[in-house]
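Asker:
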Amino acid sequence: ISGGKGTFSGEQGGMIKAFGNVFAEKSGNFKFVPHTQSASQFDAYDATSRNEQVPAEYKTLSGGHSYNNFDTDPEKIYTYEALAAEEVPAYVTGFYGAGRLQHGDLQWTFDNAKDDAAYDVNSALKSAVNNYQSTLLGLIGEADFSPESGSGSGDSNDGSGDDNGSEGSGDNSGSEGGGDNNGSDGGSSDGGAQQGYECHFSNNKVSNSFYTLSNGNFTNSKGSVTVNGVTYSNALKMESSTVLSFNINSPMSLKMIFTSTHSTPKVKVDGKDYDIVNGEVNLELSAGEHKITKNTSNTFLFYVNLYSYTTALSLLESDPGSLPYYDLQGRSISLPKAGQIYLQNGKKVLMK
Numbered sequence: 012i013s014g015g016k017g018t019f020s021g022e023q024g025g026m027i028k029a030f031g032n033v034f035a036e037k038s039g040n041f042k043f044v045p046h047t048q049s050a051s052q053f054d055a056y057d058a059t060s061r062n063e064q065v066p067a068e069y070k071t072l073s074g075g076h077s078y079n080n081f082d083t084d085p086e087k088i089y090t091y092e093a094l095a096a097e098e099v100p101a102y103v104t105g106f107y108g109a110g111r112l113q114h115g116d117l118q119w120t121f122d123n124a125k126d127d128a129a130y131d132v133n134s135a136l137k138s139a140v141n142n143y144q145s146t147l148l149g150l151i152g153e154a155d156f157s158p159e160s161g162s163g164s165g166d167s168n169d170g171s172g173d174d175n176g177s178e179g180s181g182d183n184s185g186s187e188g189g190g191d192n193n194g195s196d197g198g199s200s201d202g203g204a205q206q207g208y209e210c211h212f213s214n215n216k217v218s219n220s221f222y223t224l225s226n227g228n229f230t231n232s233k234g235s236v237t238v239n240g241v242t243y244s245n246a247l248k249m250e251s252s253t254v255l256s257f258n259i260n261s262p263m264s265l266k267m268i269f270t271s272t273h274s275t276p277k278v279k280v281d282g283k284d285y286d287i288v289n290g291e292v293n294l295e296l297s298a299g300e301h302k303i304t305k306n307t308s309n310t311f312l313f314y315v316n317l318y319s320y321t322t323a324l325s326l327l328e329s330d331p332g333s334l335p336y337y338d339l340q341g342r343s344i345s346l347p348k349a350g351q352i353y354l355q356n357g358k359k360v361l362m363k
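Residue numbers (our numbering): 12 to 363.
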């Protein structure tokens with residue numbers, strides 16, 4: 012709410028129910044108005060417990076809509092185990108990430124100092140979404156498949172602000188009202204796709220908590236590199252005490268992208284020297300702990316990615332284990348059928 016008005020379109024919308032939320036990186040203009048401050052014009056009904064129901068007398072300023080309490084109705088809400096708000100950052104930046112498996116199909120780093128206050132369309136992000144090309148080869152049992160670019164066109168507002176259209180329960184939000192779900196339901200990036208753990212240093216820190224950095228210093232004066240349409244200008248200085256480490260539980264490919272003023276630049280991985288050729292190092296790593304350290308001086312690391320380069324069939328496991336299961340569109344399946352392929356714990360399994 013800003014100056015007595017909602018900050019979005021002014022269209023009739025739904026109501027937000029909030030519980031146990033934490034506001035991070037609040038700007039100087041931050042303002043949150045719960046229902047306890049104003050019963051007629053508020054950002055969210057701030058519940059004192061997860062199962063609290065919103066009274067019918069609380070209605071949206073535009074449209075006069077009340078909350079339908081779907082999140083406390085067992086016939087309307089699915090079974091879930093909610094995380095405490097404080098645990099969410101580590102979870103969504105961890106092994107599986109948020110949304111689709113293993114951090115999604117398209118990754119983007121926002122500049123919080125600029126983007127949080129911006130209400131205009133982020134043209135660079137819009138271009139990346141519109142030009143996204145799926146690397147999915149196909150789904151087992153389907154024929155004549157050809158990858159199509161993502162259908163992410165439209166003026167999406169990426170700035171922060173009030174949500175006039177969504178209705179959620181605490182840290183597990185849902186949506187109330189008509190309309191289609193515009194998210195993609197395509198399969199995960201298997202067969203030859205470089206899916207894994209990307210890391211860069213755009214905010215003078217490691218972007219992915221999968222990696223651990225010791226004694227790291229950063230610079231933004233050593234040029235830039237562009238990867239998949241995204242330009243990175245912050246780099247990690249490879250100094251004598253610098254160690255970037257990670258642990259993988261299966262063999263993976265490692266890609267690193269550098270700039271260097273050294274005539275024959277090199278980097279160490281697990282104590283072994285590797286040449287940096289045309290700014291890149293590409294290695295195959297076995298399962299276990301690995302460390303990236305300095306070799307030559309004046310060498311700067313901009314981008315790291317660990318990924319599996321396998322076929323879809325090699326990702327199938329015949330022992331499905333225990334619940335939960337999801338179909339290839341990400342929907343929870345309570346009664347899996349024999350002979351079908353499902354997702355479980357980030358892997359594809361073939362039900363016997």
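The beta carbon of each residue, even a glycine, is placed where N, CA and C say it ideally should be.
A quick note: this is a predicted structure, and the numbers were derived from the prediction, not measured.
So, with DSSP's three-state summary, where would you put A371?
Answerer: Since the first residue of the chain shown is 12 and the last is 363, residue 371 is not available in this structure.
Asker: Does the Cβ of H273 have 16 or more other Cβ atoms within 10 Å, making it buried, or fewer, making it exposed?
Answerer: exposed
Asker: Rounding to the nearest angstrom, what Cα-Cα distance links Y314 and I303 in this structure?
Answerer: The alpha-carbon atoms of Y314 and I303 are separated by roughly 12 Å.
Asker: Measure how close the beta-carbons of G290 and F269 come, nearest whole angstrom, since I'm counting them as under 8 Å.
Answerer: 6 Å
Asker: Where does K137 fall in DSSP's three states?
Answerer: helix
Asker: What does the Cβ neighbour count give for A58, buried or exposed, with the cut at 16 atoms within 10 Å?
Answerer: buried
Asker: Do I259 and A298 count as a contact pair if the criterion is CB distance below 8 Å?
Answerer: yes
Asker: By DSSP, does Y337 sit in helix, in strand, or in coil?
Answerer: strand
Asker: In the DSSP assignment, the alpha helix (DSSP H) including Y102 goes from what residue to what residue?
Answerer: DSSP places Y102 inside the alpha helix (DSSP H), whose first and last residues are 99-103.
Asker: If you run the structure through DSSP and keep just helix, strand and coil, what is F257?
Answerer: The answer is strand: DSSP assigns F257 an E or B state.
Asker: Compute the Euclidean distance between the alpha carbons of T253 and K279, then round it to the nearest angstrom.
Answerer: 11 Å
Asker: Kindly indicate the opening and closing residues of the beta strand (DSSP E) around G207.
Answerer: 206-211
Asker: Using beta-carbon positions only, say whether S271 and N309 come within less than 8 Å of one another.
Answerer: yes
Asker: Could you pull out every residue in the same chain whose Cβ sits closer than 7 Å to the Cβ of T47, ignoring the five residues on either side in sequence?
Answerer: D57
Asker: To the nearest angstrom, report how far apart Y78 and E86 are at their CA atoms.
Answerer: 16 Å
Asker: Determine which residues share a DSSP beta bridge with K266 and list them.
Answerer: N293, N316
Asker: State the CB to CB distance for the pair E295 and S264, rounded to an integer number of angstroms; the pair is presumed to be in contact (CB under 8 Å).
Answerer: A Cβ-Cβ distance of about 6 Å is found for the pair E295 and S264, placing them in contact under the 8 Å criterion.
Asker: Given a cut-off of 8 Å, decide if S319 and G207 are closer than it, judged by their beta-carbon atoms.
Answerer: Against a cut-off of 8 Å, the Cβ pair of S319 and G207 comes out as a contact.
Asker: Using beta-carbon positions only, say whether K28 and A50 come within less than 8 Å of one another.
Answerer: no
Asker: Give the DSSP-derived three-state secondary structure of S229 in the structure shown.
Answerer: What sits at residue 229 in the sequence shown is Phe, not Ser. Three-state result, F229: strand.
Asker: Compare the C-alpha of E36 against each of V132, P100, E209, V65 and name the closest.
Answerer: If we check each option's Cα against that of E36, P100 comes out closest.
Asker: Going by DSSP, what residue range makes up the beta strand (DSSP E) through D284?
Answerer: 283-286
Asker: Exposed or buried, Y243, counting other C-beta atoms within 10 Å across all chains shown (16 or more means buried)?
Answerer: buried
Asker: Taking the alpha carbon of L117 as the point to measure from, which residue in A139, A124, F30 has its own alpha carbon closest?
Answerer: A139
Asker: What number of angstroms, rounded off, separates the C-alpha of Y285 from the C-alpha of M267?
Answerer: 11 Å
Asker: Nearest to V241 by alpha carbon, out of L136, K233, N226, P276?
Answerer: L136
Asker: Mapping DSSP to helix, strand and coil, what is V307?
Answerer: The amino acid at residue 307 is misidentified as Val; the sequence shows Thr. Three-state DSSP puts T307 in coil, outside helix and strand.
Asker: Is D57 helix, strand or coil by DSSP?
Answerer: It is a strand residue.
Asker: In terms of DSSP beta bridges, what is P276 paired with?
Answerer: Paired residues: none, contrary to the question.
Asker: Which residues in the same chain as N40 place their Cβ atom closer than 8 Å to its Cβ, once the five residues preceding and following it in sequence are excluded?
Answerer: A128
Asker: T83 by DSSP, collapsed to three states: which one?
Answerer: helix
Asker: Any C-beta of chain C sitting closer than 8 Å to the C-beta of T310?
Answerer: Reference to chain C is not applicable here, since this structure consists of a single protein chain.
Asker: Hey, out of L255, F257, K125, whose CA is closest to N214's CA?
Answerer: K125
Asker: Rounded to whole angstroms, what is the Cα-Cα separation between M249 and N32?
Answerer: If you take the alpha carbons of M249 and N32, they lie about 39 Å apart.
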